[in-house]
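K.L.:
In my numbering, each residue's number is its place in the sequence shown (first place is 1) plus 42. Below is a structure I'd like to ask you about.
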Amino acid sequence: MQEQHELGPAEMATWSSLMAVVLWLPGALDGALKTQGLSHHEFQILWWLSLSETGTCTMGDLAGNASVTPSHLSRIAARLESRGWIVRRPDPSDARFTLASLTEEGGRKVAECTPGYYATVREHLFSRLSPDQAQQLGVITGQILHSLNPACGPR
């Protein structure tokens, strides 16, 4: 089978649209969160911690979930910690790992920011799609995500 080195017109149109969304949506989310004093990455870290049953994750898991490098996560975590929204401590079961935990104040911050965040997601994504299209988008992006990170599993 011969490799194709160019995208066809339909592929190029789809790829161009997807790239534009990938580039522009984070900026829209950042803009909405800026009024709350957070960046999108900072919100993601708080949000992932809030989704954890215990409000605690390893820094490695957080970096993977938020798709940031460990050093970038350390800088984000330092900012969140200085605001009293998270605490970091060595993992008592394995001191090679660092745990990050959401504080009560951090939980309040997530609760305060989440409605506006979801409103922005709805405005730019779900309000543009029918329920069937939204479901299809979920299946399609789940397949793409699985090809990029098999640990995420097909959705």
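Note that beta-carbon positions come from the ideal geometry of N, C-alpha and C, so glycine has one too. Remember, it's a predicted structure, so these values are computed and weren't measured experimentally.
What did DSSP end up calling residue 56 once you bin it into helix, strand or coil?
P.N.:
Taking the first residue of the sequence shown as 1, we reach residue 56 at position 14. Reduced to three states, the DSSP call for residue 56 is helix.
K.L.:
When the Cα atoms are used, what is the spatial distance from residue 68 to residue 192?
P.N.:
As a first step, residue 68 must be located in the sequence shown, where it is residue number 26. As a first step, residue 192 must be located in the sequence shown, where it is residue number 150. Using only the alpha carbons, I get a separation of about 23 Å.
K.L.:
Does the count of Cβ pairs from the stretch 58–65 and the stretch 101–119 closer than 8 Å reach three?
P.N.:
no
K.L.:
Does residue 111 come out as helix, strand or coil in the three-state DSSP assignment?
P.N.:
Working through the sequence shown from its first residue, we reach residue 111 at position 69. Residue state, collapsed to three classes: coil.
K.L.:
Beta-carbon within less than 7 Å of residue 82's beta-carbon, same chain only, minus the 5 sequence neighbours each way: which residues are those?
P.N.:
Residue 82 sits at position 40 when you count from the first residue of the sequence shown. Correct list, in chain order: 68, 71, 72, 75.
K.L.:
Quick check: what's the CA-CA separation for residue 51 versus residue 180?
P.N.:
Within the sequence shown, numbered from 1, the residue matching residue 51 stands at position 9. Within the sequence shown, numbered from 1, the residue matching residue 180 stands at position 138. In a straight line, the C-alpha of residue 51 is about 24 Å away from that of residue 180.
K.L.:
Cα separation between residue 163 and residue 101?
P.N.:
Looking up residue 163 in the sequence shown gives position 121. Looking up residue 101 in the sequence shown gives position 59. Straight-line Cα distance between these residues: approximately 26 Å.
K.L.:
Per DSSP, residue 136 forms a beta bridge with which residues?
P.N.:
Along the sequence shown, read from residue 1 onward, the residue named residue 136 stands at position 94. DSSP output for residue 136 lists 133 as bridge partner(s).
K.L.:
Hey, could you find the ends of the beta strand (DSSP E) residue 155 is sitting in?
P.N.:
As a first step, residue 155 must be located in the sequence shown, where it is residue number 113. Note, residue 155: premise wrong, no beta strand (DSSP E); alpha helix (DSSP H) at 146–166.
K.L.:
Distance cutoff 8 Å, beta carbons only. Does residue 65 sit that close to anything in chain C?
P.N.:
The chain inventory of the structure shown lacks chain C, comprising one protein chain alone.
K.L.:
Quick check: the Cα distance between residue 133 and residue 84, rounded to an integer number of angstroms?
P.N.:
Translated into the one-based positions of the sequence shown, residue 133 becomes position 91. Translated into the one-based positions of the sequence shown, residue 84 becomes position 42. Going by the C-alpha atoms only, they are around 22 Å apart.
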